[in-house]
Amino acid sequence: MSIVSASLDHAGRPDRALNADALAADARRESRGLLALLSPGLFLVFAVIIVPIGWLFWLSLFDETGQLSAANYARFFEQASYIKTFVTTFKVAFIVTGACVLFGYPLAYMLSQLPRRAASICLIFVILPFWTSVLVRTYAWLVILQRKGLVNSWLIDLGVIGQPLPLANNFSGVVIGMTHIMLPFLVLPLYASMKTIDVDCLRAGMNLGASPAATFRQIFFPLSLPGLASGVVIVFVLCLGFFVTPALMGGGKVIMWAMRMEQTTSLYSNWGAGAALGVVLLGFTLALLGLFQWLLGARATGVWSQR
Amino acid sequence: MSVENALPITHRQRLWLYTLGGLVMLFLIAPSVIIVIMSFSDSTLLQFPPQEWSLRWYESYFGSVEWRDATIVSVKVAVMTAIVATLLGTAAAYAINARTLRLTGLINALLTASLIIPVILIGIGTFFLYARIGLNNTLTGLVIAHTVQALPLVVLTVLSGLRSYDMNQEKVARSLGAGRFSAFFQVTMPQIRFSIVSGALFAFITSFDEVVVSLFISGGETTTLTRRMFNALRDQIDPTIAAISTCLIVLSIVLLSAAQLFGRER
Numbered sequence: 001m002s003i004v005s006a007s008l009d010h011a012g013r014p015d016r017a018l019n020a021d022a023l024a025a026d027a028r029r030e031s032r033g034l035l036a037l038l039s040p041g042l043f044l045v046f047a048v049i050i051v052p053i054g055w056l057f058w059l060s061l062f063d064e065t066g067q068l069s070a071a072n073y074a075r076f077f078e079q080a081s082y083i084k085t086f087v088t089t090f091k092v093a094f095i096v097t098g099a100c101v102l103f104g105y106p107l108a109y110m111l112s113q114l115p116r117r118a119a120s121i122c123l124i125f126v127i128l129p130f131w132t133s134v135l136v137r138t139y140a141w142l143v144i145l146q147r148k149g150l151v152n153s154w155l156i157d158l159g160v161i162g163q164p165l166p167l168a169n170n171f172s173g174v175v176i177g178m179t180h181i182m183l184p185f186l187v188l189p190l191y192a193s194m195k196t197i198d199v200d201c202l203r204a205g206m207n208l209g210a211s212p213a214a215t216f217r218q219i220f221f222p223l224s225l226p227g228l229a230s231g232v233v234i235v236f237v238l239c240l241g242f243f244v245t246p247a248l249m250g251g252g253k254v255i256m257w258a259m260r261m262e263q264t265t266s267l268y269s270n271w272g273a274g275a276a277l278g279v280v281l282l283g284f285t286l287a288l289l290g291l292f293q294w295l296l297g298a299r300a301t302g303v304w305s306q307r
Numbered sequence: 001m002s003v004e005n006a007l008p009i010t011h012r013q014r015l016w017l018y019t020l021g022g023l024v025m026l027f028l029i030a031p032s033v034i035i036v037i038m039s040f041s042d043s044t045l046l047q048f049p050p051q052e053w054s055l056r057w058y059e060s061y062f063g064s065v066e067w068r069d070a071t072i073v074s075v076k077v078a079v080m081t082a083i084v085a086t087l088l089g090t091a092a093a094y095a096i097n098a099r100t101l102r103l104t105g106l107i108n109a110l111l112t113a114s115l116i117i118p119v120i121l122i123g124i125g126t127f128f129l130y131a132r133i134g135l136n137n138t139l140t141g142l143v144i145a146h147t148v149q150a151l152p153l154v155v156l157t158v159l160s161g162l163r164s165y166d167m168n169q170e171k172v173a174r175s176l177g178a179g180r181f182s183a184f185f186q187v188t189m190p191q192i193r194f195s196i197v198s199g200a201l202f203a204f205i206t207s208f209d210e211v212v213v214s215l216f217i218s219g220g221e222t223t224t225l226t227r228r229m230f231n232a233l234r235d236q237i238d239p240t241i242a243a244i245s246t247c248l249i250v251l252s253i254v255l256l257s258a259a260q261l262f263g264r265e266r
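So this is what it looks like as structure tokens:
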């Protein structure tokens with residue numbers, strides 16, 4: 001900053017001050033120092049994330065005999081089992097995202113309307129699960145939903161059903177478990193954006209004779225859409241690559257994308273095919289996030305800074 | 001910004017909203033509460049509410065060498081990760097906050113990459129890399145992999161602390177003759193220490209709860225608690241896991257409260 005003011009006179013013509021060189025050297029030293037502070041972190045990320053993923057990408061371009069080919073990708077369109085995996089994954093992602101919107105929007109709305117103190121107490125109910133291990137929460141749902149689990153034994157005791165409902169180890173178990181895990185990822189950004197909506201806009205609407213419902217529909221809801229969009233994108237993207245819950249609650253019947261990757265690499269040691277799956281998954285993820293950022297000019301990763 | 005009385009809508013008119021919100025809150029908290037209660041059950045069957053109470057599942061957790069070893073591995077890795085990630089993350093946040101470097105977009109993208117890239121891909125990639133450099137099934141490998149995942153959280157937390165701090169204070173200290181490091185440690189750090197501590201706690205819990213990457217790169221002597229839990233859950237539902245889960249939930253509550261407390265004092 002000081003270099004600029006020192007090297008330009010009032011008319012904006014270059015006019016080197018006596019200490020310009022010293023200042024420039026100082027600024028360079030400063031930059032080098034900052035870069036040195038950044039480099040260990042950047043190096044780790046580069047070495048542990050970027051290099052292996054680049055390597056896998058490279059591997060995905062070769063078939064089993066080492067020939068350059070698109071076989072690893074062509075397989076996705078040819079083999080029914082892959083197509084089934086993709087269909088299942090997108091189906092789960094759409095249903096879970098929809099359920100999160102359905103449950104998350106009213107909760108975020110309520111939180112945004114409560115007085116600060118009450119809201120921060122209620123927020124604990126969102127933040128605590130957010131920071132509880134995914135494994136613990138999946139285990140809890142297994143206990144609740146399994147054949148002899150809580151829900152089934154209660155319903156049988158009450159005489160509502162005669163036979164236990166198949167709730168866990170199938171599609172519905174995966175959807176319920178994942179909805180629970182994804183919900184905070186929708187509520188937190190949505191709540192943050194709802195807090196920024198100016199109450200005066202709502203009051204003006206009501207002063208002009210709009211009913212509470214009309215005020216909500218015509219003013220509040222449209223203003224909350226950017227926050228909703230960022231929640232929806234982050235939940236959908238996380239669903240696409242989610243592993244733990246489908247692996248434990250799918251009963252081996254619900255094979256999602258990430259499970260397929262794990263099986264292909266660990267079980268069959270087919271790195272090319274597994275890598276190709278990863279590349280396409282990453283492509284989807286980045287495309288969705290990129291589209292979102294381009295449309296709304298916001299970063300979906302903001303959820304992690306809003307605890 | 002209290003919204004409550006601003007609109008001419010009574011609490012009664014909002015009753016349906018409170019009911020709905022309350023139900024969703026119940027949905028969010030119920031699983032944890034149920035697990036905590038069931039961990040004190042005396043029965044091998046998972047009944048709720050339990051008929052008899054006992055601590056047998058805690059005894060079975062603390063009495064088992066396998067579970068204890070796995071817990072020790074997880075604690076070691078989480079402590080190391082918290083230290084390394086906090087050091088690297090604070091340094092990186094400081095550099096980003098100065099805003100004089102070019103390519104900040106690229107730097108931010110790299111540092112937050114592990115939040116965006118699907119964890120399964122990070123797991124497979126790390127395993128693939130470690131297989132070649134011999135870091136699979138080592139504590140060092142786990143610490144490095146977890147540090148990369150915890151780094152963005154530390155950077156974001158410390159950065160938010162630095163944003164509410166006036167960097168001119170450090171400049172004043174330096175103009176008065178303090179060196180770069182003593183200016184940071186004597187002037188800046190005392191004022192952002194709460195965000196640094198919060199960041200460290202988040203790093204600890206991120207590492208301690210991490211499952212997917214650990215599934216790939218830990219094993220044998222370095223099996224983490226989460227990996228052992230995952231494998232146990234694949235076989236059958238052992239109530240010991242309820243006791244372990246309760247410990248993990250308590251740990252989360254303690255660390256979160258600490259982070260909140262530090263956050264408020266900022």
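Residue numbers (UniProt numbering), protein chains in the order written: chain R, 1 to 307; chain D, 1 to 266. C-beta: ideal position from N, C-alpha, C; glycine also.
Using a Cβ-Cβ cut-off of 7 angstroms (strictly less than) and excluding sequence neighbours within five positions of residue i, which residues of its own chain qualify?
i              : result
Arg-137(R)     : Pro-129, His-180, Ile-181
Arg-147(R)     : Pro-164
Val-126(R)     : Pro-184, Val-187, Leu-188
residue 311(R) : Nothing about residue 311(R) can be reported from this structure: the residues present for chain R run from 1 to 307 only.
Val-51(R)      : none
Val-197(D)     : Phe-262
Using 10 angstroms around the beta-carbon of residue i, count the other beta-carbons present and answer buried if the total reaches 16, otherwise exposed.
i              : result
Phe-221(R)     : exposed
Ala-93(D)      : buried
Gly-179(D)     : exposed
Asp-157(R)     : exposed
Cys-100(R)     : buried
residue 288(D) : Summary: the structure shown does not reach residue 288(D), with chain D confined to residues 1 through 266, and so no result is reported for it.
Glu-64(R)      : exposed
Leu-42(R)      : buried
Leu-217(R)     : The amino acid at residue 217(R) is misidentified as Leu; the sequence shows Arg. Arg-217(R) comes out exposed.
Trp-141(R)     : buried
Ser-5(R)       : Per-residue confidence for Ser-5(R) stands at a pLDDT of 46, beneath the threshold of 50, marking its modelled position as unreliable; the derived number appears in the next sentence. The residue in question, Ser-5(R), is exposed, as its Cβ has fewer than 16 Cβ neighbours within 10 Å.
Thr-88(R)      : buried
Arg-260(R)     : buried
By the criterion of Cβ-Cβ separation under 9 angstroms, what are the contact partners of residue i in chain R?
i          : result
Leu-7(D)   : Gln-113, Val-199, Leu-202, Arg-203, Met-206, Pro-212, Thr-215
Arg-234(D) : Ala-247, Leu-248
Val-172(D) : Simply none; closest approach about 15 angstroms.
Thr-100(D) : Met-1, Ala-27, Glu-30, Ser-31, Leu-34
What residues from chain R crowd round residue i, counting only those whose CB sits closer than 7 angstroms?
i         : result
Ala-92(D) : Leu-37, Leu-38, Gly-41
At a CB-CB cut-off below 9 angstroms, which residues of chain D make contact with residue i?
i          : result
Gly-274(R) : Ile-124
Ile-181(R) : Near Ile-181(R) there are no residues of chain D at all, since even the closest Cβ is about 10 angstroms away, more than 9 angstroms.
Phe-243(R) : Pro-118, Val-119, Ile-120, Gly-123, Val-211, Val-212, Leu-215
Below 7 angstroms on C-beta distance, what does residue i contact in chain D?
i              : result
Met-110(R)     : Leu-17, Tyr-18, Gly-21
Val-254(R)     : By Cβ distance, chain D contributes nothing, its closest Cβ being about 14 angstroms from Val-254(R), past 7 angstroms.
Leu-122(R)     : This sequence places Cys at residue 122(R); Leu is not what is there. Correct list: Met-25.
residue 348(R) : As shown, chain R starts at 1 and ends at 307. That puts residue 348(R) outside it, with no answer to give.
residue 316(R) : Residue 316(R) is absent from the model: chain R starts at 1 and stops at 307.
Beta-carbon within less than 8 angstroms of residue i's beta-carbon, same chain only, minus the 5 sequence neighbours each way: which residues are those?
i          : result
Ile-3(R)   : The predicted model places Ile-3(R) with a pLDDT of 45, which falls under 50 and marks its position as unreliable; any figure quoted below should be read in that light. Once the five neighbours on either side are set aside, the close Cβ partners of Ile-3(R) are Ala-20, Leu-23, Ala-24, Ala-27.
Leu-233(D) : Ile-241
Ala-98(D)  : Met-167
Val-175(R) : Val-92, Ile-95, Val-96, Ala-99
Ile-35(D)  : Ala-242, Ser-245, Thr-246, Ile-249
Ser-266(R) : none
Starting from the C-beta of residue i, find all residues in its chain whose C-beta is less than 6 angstroms away, skip the five residues before and the five after it, and write them out in chain order.
i          : result
Tyr-73(R)  : Ala-276
Asp-238(D) : Ala-232
Ser-41(D)  : Pro-50
Leu-150(R) : Ile-144
Closer than 8 angstroms by beta-carbon distance: list the chain R residues that pair up with residue i, in chain order.
i          : result
Arg-180(D) : Gly-33
Gly-220(D) : Residues of chain R passing the Cβ test: none, with the nearest at roughly 16 angstroms.
In chain D, which residues lie with their C-beta within 8 angstroms of the C-beta of residue i?
i          : result
Phe-125(R) : Met-25, Leu-28, Ile-29
Val-140(R) : Residue identity differs from the one stated: residue 140(R) is Ala in this sequence, not Val. Ordered by position in chain D, the residues that pass the 8 angstroms Cβ test against Ala-140(R) are Pro-31, Ser-32, Ile-34, Ile-35, Ser-245.
Can residue i be considered in contact with the ligand FMN, in the sense that its beta carbon sits closer than 6 angstroms to one or more heavy atoms?
i          : result
Asn-207(R) : You won't find the ligand FMN in this model; it holds no ligand whatsoever.
Report task. Say whether the region 53-68 of chain D touches the region 156-169 of chain D, bearing in mind that this needs 3 or more beta-carbon pairs closer than 8 angstroms, one atom from each stretch. Result -> Fewer than three Cβ pairs drawn from the region 53-68 of chain D and the region 156-169 of chain D lie within less than 8 angstroms of each other, which leaves the two stretches out of contact.
**Report entry** At least three beta-carbon pairs within less than 8 angstroms, the region 112-132 of chain R to the region 190-199 of chain R
**Finding:** With the cut-off at 8 angstroms, the region 112-132 of chain R and the region 190-199 of chain R touch.
Query raised in the report: Can you find at least 3 beta carbon pairs, one from the region 222-241 of chain R and one from the region 82-97 of chain R, that sit closer than 8 angstroms?
Result: In short, these stretches touch, since the Cβ pair count reaches three.
Query raised in the report: Quick check: the region 107-114 of chain D against the region 280-297 of chain R, are there 3 or more CB pairs under 8 angstroms?
Result: The region 107-114 of chain D makes no contact with the region 280-297 of chain R; the number of CB pairs closer than 8 angstroms stays below 3.
Requested in this report: Could you say if the region 65-74 of chain D and the region 218-237 of chain D meet the contact criterion of at least three C-beta pairs nearer than 8 angstroms?
Outcome: In short, these stretches touch, since the Cβ pair count reaches three.
Query - Inside the region 76-154 of chain R only - alpha helix (DSSP H) runs reaching at least 4 residues - result: Runs found: 80-113, 116-130, 134-145.
**Report entry** the region 216-227 of chain D / the region 180-187 of chain D touching (three or more Cβ pairs under 8 angstroms)
**Finding:** Using a Cβ-Cβ distance cut-off of 8 angstroms, the region 216-227 of chain D and the region 180-187 of chain D are not in contact, since fewer than three pairs of beta carbons, one from each stretch, lie closer than that value.
**Report entry** Sequence ranges, alpha helix (DSSP H) only - wholly within the region 42-126 of chain D, length at least 4
**Finding:** List check, alpha helix (DSSP H) in window: 56-63, 65-98, 104-111, 113-116.
Query raised in the report: Is the number of C-beta pairs between the region 30-40 of chain R and the region 99-110 of chain D that are closer than 8 angstroms three or more?
Result: Yes: at least three Cβ pairs fall under 8 angstroms.
Requested in this report: Scan the region 15-50 of chain R and note each continuous alpha helix (DSSP H) run of 4 residues or more that stays entirely inside, going in chain order.
Outcome: For the region 15-50 of chain R, whole alpha helix (DSSP H) runs of length 4 or above, ordered along the chain, are 20-45.
Query raised in the report: Counting pairs of beta carbons, one from the region 76-95 of chain D and one from the region 193-205 of chain D, are three or more of them closer than 8 angstroms?
Result: Enough Cβ pairs lie closer than 8 angstroms, so yes.
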